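Report on one structure; see the data block that follows.
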Amino acid sequence: MDRNTLMTAVEESWRRFDTAIAGLDEAALTVPGVVGEWSIKDLVGHVASWEQRAVQHVERWRRGEPPEVGAVSTDEYNAREAERRHGWTLAKVMDDAADTRLSLRAALTSITDAEWATVITIEERVRTRGEWIGGALGGDEGPGTHAAEHAMEIRAWRDARVEREGSA
Numbered sequence: 001m002d003r004n005t006l007m008t009a010v011e012e013s014w015r016r017f018d019t020a021i022a023g024l025d026e027a028a029l030t031v032p033g034v035v036g037e038w039s040i041k042d043l044v045g046h047v048a049s050w051e052q053r054a055v056q057h058v059e060r061w062r063r064g065e066p067p068e069v070g071a072v073s074t075d076e077y078n079a080r081e082a083e084r085r086h087g088w089t090l091a092k093v094m095d096d097a098a099d100t101r102l103s104l105r106a107a108l109t110s111i112t113d114a115e116w117a118t119v120i121t122i123e124e125r126v127r128t129r130g131e132w133i134g135g136a137l138g139g140d141e142g143p144g145t146h147a148a149e150h151a152m153e154i155r156a157w158r159d160a161r162v163e164r165e166g167s168a
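Residue numbers for the sequence shown, in the working numbering: 1 to 168.
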């Protein structure tokens with residue numbers, strides 16, 4: 001996947017995520033139980049944390065630093081990032097996510113095709129820089145679809161909520 005294709009996938013993923021949360025008030029955005037114990041606010045922070053990780057990968061590379069080695073599992077990373085944002089207001093989480101989107105867009109568009117295709121080895125796994133970045137932004141539908149994956153979960157939660165309220 002080239003840089004432009006990934007950016008298109010990320011933009012579409014964001015659109016689906018934004019559409020899934022559109023029209024919800026603060027109470028709905030902060031109620032736990034949308035995915036596990038997480039609220040939509042938590043999901044916004046979660047998606048932003050992975051996007052920030054992709055930006056950090058690009059920034060480390062730009063500074064000539066070695067790639068970050070994954071010292072923690074995905075579950076540990078998710079838990080750590082959720083805990084870090086736990087006391088944040090909804091406004092702060094949303095602002096952080098918006099800033100992260102701008103940073104990610106700038107980071108991805110700054111990479112040349114040759115840089116994108118550069119092969120990097122991390123923990124004995126060999127991939128192109130683009131594949132590493134796409135992996136950090138990946139979801140069930142492939143690279144760049146992480147937000148869309150959670151949009152589907154939010155839609156299912158919203159549908160179940162409407163059904164519960166409609167039958168009450």
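We treat Cβ as the ideally placed atom computed from N, Cα and C, and that holds for glycine.
Quick caveat, the model's predicted, so the values are computed rather than measured.
CB contact flag (glutamate 153, valine 55, <8 Å): Contact flag unset, no.
>> Restricting to Cα atoms, I'd like to know which of Glu131, Glu123 and Tyr77 is closest to threonine 5.
In response: Closest by alpha carbon: Glu131.
Cβ pair phenylalanine 17, alanine 106 closer than 8 Å:
no
Excluding the five sequence neighbours on either side, which residues of its own chain have a C-beta within less than 7 Å of the C-beta of arginine 60, listed in chain order? Pro67 and Glu68
Q.
Are the CB atoms of arginine 3 and tryptophan 88 within a distance shorter than 8 Å?
A. No. Outside cutoff.
Alpha carbon to alpha carbon, how far is valine 31 from tryptophan 157? Give it in angstroms, no decimals. 11 Å
Self-check item: arginine 63 in three-state terms, based on DSSP
Solution: coil
Do you know offhand how far aspartate 95's Cα is from lysine 41's?
11 Å
Alpha carbons only, please: which of Arg53, Val93, Ala91 and Ser13 is nearest the one belonging to serine 103?
Arg53
Would you tell me roughly how many angstroms separate the C-alpha atoms of arginine 125 and valine 119, rounded to the nearest one? 10 Å
Using DSSP bridges, identify the partner residues of arginine 125. Ile122
Taking a contact to mean a Cβ-Cβ separation below 8 Å, would you say glycine 144 touches alanine 22 in this structure? Not closer than 8 Å, so no.
Nonlocal neighbours in the same chain, by C-beta distance under 6 Å from leucine 20, ignoring five residues either side | In the sequence as presented, leucine is not what sits at residue 20; that position holds alanine. Taken in chain order, the residues that qualify are Ala151, Ile154 and Arg155.
Quick check: what's the CA-CA separation for tyrosine 77 versus valine 93?
17 Å
- Query: Is tryptophan 132 helix, strand or coil when you go by DSSP?
  - Reply: helix
Notebook entry, point to check: Count the other CB atoms within 10 Å of the CB of glutamate 83; is the residue buried (16 or more) or exposed (fewer)?
Noted result: Its Cβ having fewer than 16 others within 10 Å, glutamate 83 is exposed.
* To do: From the DSSP output, in three-state form, read off glycine 139 for me.
  => strand
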